[in-house]
Structure formats: C-alpha cells, structure tokens
Amino acid sequence: MQLQSQSDQTEPAGAQRELVHHLRNLFSVVVSAKQMFERERDDAERAVLLDVIEDAARRGSELTTGLLDDHRDADVATIDIGARLSGLRVMIGALAGDGIRIDFHVDPSPALVRIVPADFDAALLELVRNAAVAGATRLGLRLRIVGARAWIVIADNGRGMSATALDHARSGADAGHAHGAGLCRVRHFLRAAHGQFLIRSRQGAGTTICMTLPLVLHRTADGSGAPDGRDPLNIGDAS
Numbered sequence: 001m002q003l004q005s006q007s008d009q010t011e012p013a014g015a016q017r018e019l020v021h022h023l024r025n026l027f028s029v030v031v032s033a034k035q036m037f038e039r040e041r042d043d044a045e046r047a048v049l050l051d052v053i054e055d056a057a058r059r060g061s062e063l064t065t066g067l068l069d070d071h072r073d074a075d076v077a078t079i080d081i082g083a084r085l086s087g088l089r090v091m092i093g094a095l096a097g098d099g100i101r102i103d104f105h106v107d108p109s110p111a112l113v114r115i116v117p118a119d120f121d122a123a124l125l126e127l128v129r130n131a132a133v134a135g136a137t138r139l140g141l142r143l144r145i146v147g148a149r150a151w152i153v154i155a156d157n158g159r160g161m162s163a164t165a166l167d168h169a170r171s172g173a174d175a176g177h178a179h180g181a182g183l184c185r186v187r188h189f190l191r192a193a194h195g196q197f198l199i200r201s202r203q204g205a206g207t208t209i210c211m212t213l214p215l216v217l218h219r220t221a222d223g224s225g226a227p228d229g230r231d232p233l234n235i236g237d238a239s
C-alpha cells in the first residue's frame, strides 16, 4: 500500500513539472519574439511577431485556466500534421532565437493524425527548447511519411548527451532535472497518441529525436520502413 501511495504522489508531481515546462517555453517565446520585434524594421514582420506573442499568451492563458479548473483540455482531433507544423514555424523560430539557423522541410502530402493538438505543440516546443539550451547553432526539422506513420524528426548540432543521459532518455527515466522532465512530457504525448519515440545522441555531436504518429489514412500498406531504403532519422548534417 505504501508503494502505491508513493506512486500516486509521484505522478501528479511529474505532471506539474511538465506543465511548468510548457509555461516556461511559452514565456521564452514571448521574450524572444519581443526582442526580435524591437530589432525588426519591416512592418509585415513586426505584425507576424505580434501574432506570435498573442498566440503564446493565449496558450498560456488556456493552460493556467485548465490548472485552476483542475482539468486539462484533452480534445482529440484529426488534423493534418504538416499544416500544424507549418503553423508553428514562426513560433519555433522565436523560441530558438536568432542564434540558431533552422532548416525546415514538411512533406507536402496530406498527413492526417488523431492527437490532442495542444499536446503536440507542447512536445515540439520542448524539443526546440532543448536544442537551444544545448547550445545548438543549427536545427533541422523534417516531416516524412514512412509507410503508415508520420515521422517528425528534430536534429541539432548542440552538445549532445553522455551515454548515461542517453540511457535515461531512452528508458523514459525522469532524473528530476529540467531536461528529464521535458522528455517525459514528449513521451506522455506519444504514448497517448499511440506514437513512438526514437533518439540518437553523442556527446559533442548533437542530438536527433524522432516522434512517429500513426496516420489515419496512409498512402501505402507497407509500414516496414523508409522509402528507397533511406534512414528516416538521417535528415542531413546539422553541424
């Protein structure tokens, strides 16, 4: 009984850390977009940055409202994941900051998935934030359709992980620090969406993470691997 009690206490604590992570990322978007706004002279670009700030503030408001109401918005929807990614492009750029060059490529084919859209956004922003904290100067983001799944691949040229840290990331262990709780949030999203989590990393050589999601309607019945024998985790040299 005592073990069950400890588990019950640990789960809410982990969920709270994940929510705090998302709020932190939204605050970072606002601060970075404001700094970019102050440097920008083009009115059209300034208008886009204002939209990013407003969007981040709205997301933060919805999140805190859910906390106060003691529930989370968990509305599952069928969406085109490519369109969702494209809609996040400016926010991703703001969170990454001016010091990171972003290589963004989305497969133009429709890719319908059933997910909680806000949870996907939070997971993706967490991975972008991790790349920035790791000192990356380049970030590659790709959407590929591999068999019956959508592969969202994020690769950076940051510091990478030690063998121990990589083992923790692969096992899903939450070490209680910022990076650990962030990856747990990504895993929780993928588990709920029947997705998969793949990671490669080496100290001094960057990190590549892939989130795979099952397609509602897929283009091919062969879900065995990448087209033309390509490795979906290989999105090019991020160095």
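Residue numbers (full-length UniProt numbering): 1 to 239. The beta carbon of each residue, even a glycine, is placed where N, CA and C say it ideally should be. Since the structure is predicted, the reported quantities are computational estimates derived from the model, not experimental observations.
Item                                                                                                                                                  : Value
In angstroms with no decimal places, state the Cα-to-Cα distance between residue 227 and residue 148.                                                 : Its pLDDT being 47, under 50, residue 227 is placed unreliably in this model, and the coordinates cannot settle the point.
Measuring only the C-alpha atoms, how far is residue 86 from residue 77?                                                                              : 17 Å
Does the beta-carbon of residue 49 have 16 or more other beta-carbons within 10 angstroms, so that it is buried, or is it exposed?                    : buried
So which of 146, 164, 122 and 106 has the shortest CA-CA distance to residue 189?                                                                     : 122
Runs of 4 residues minimum, wholly inside the stretch 131 to 213: which ones carry the alpha helix (DSSP H) assignment?                               : 163 to 171 and 178 to 192
Tell me the DSSP bridge mates of residue 102?                                                                                                         : 139
Helix, strand or coil: how does DSSP classify residue 122 here?                                                                                       : helix
Do you know how far the Cα of residue 43 is from the Cα of residue 169?                                                                               : 42 Å
Using the Cα positions of residue 55 and residue 216, report the straight-line distance between them to the nearest angstrom.                         : 28 Å
Just grab the DSSP bridge partners of residue 113 for me.                                                                                             : 79
Once DSSP output is grouped into helix, strand and coil, what is the label at residue 217?                                                            : coil
Between residue 195 and residue 158, is the Cβ-Cβ spacing less than 8 Å?                                                                              : no
What is the residue span of the alpha helix (DSSP H) that residue 93 lies within?                                                                     : 89 to 96
What's the C-alpha gap between residue 165 and residue 207?                                                                                           : 12 Å
So what does DSSP say about residue 73, is it helix, strand or coil?                                                                                  : Any reading at residue 73 needs caution, since the residue's pLDDT is 49, under 50, leaving its predicted position unreliable; the model's value is listed next. Residue 73 falls in the coil class under three-state DSSP.
So, are the CB atoms of residue 111 and residue 92 less than 8 Å apart?                                                                               : no
Give the DSSP-derived three-state secondary structure of residue 42 in the structure shown.                                                           : coil
Taking the alpha carbon of residue 125 as the reference point, which residue from 186, 198 and 203 has its own alpha carbon closest?                  : 186
Can you tell me whether residue 167 is buried or exposed? The criterion is at least 16 other CB atoms within 10 Å of its CB, across all chains shown. : exposed
Taking only the alpha-carbon atoms, compute the straight-line gap between residue 107 and residue 39 and give it to the nearest angstrom.             : 32 Å
Does DSSP classify residue 51 as helix, strand or coil?                                                                                               : helix
Counting C-beta neighbours from all protein chains within 10 Å, is the total for residue 51 16 or more, i.e. buried, or is it exposed?                : exposed
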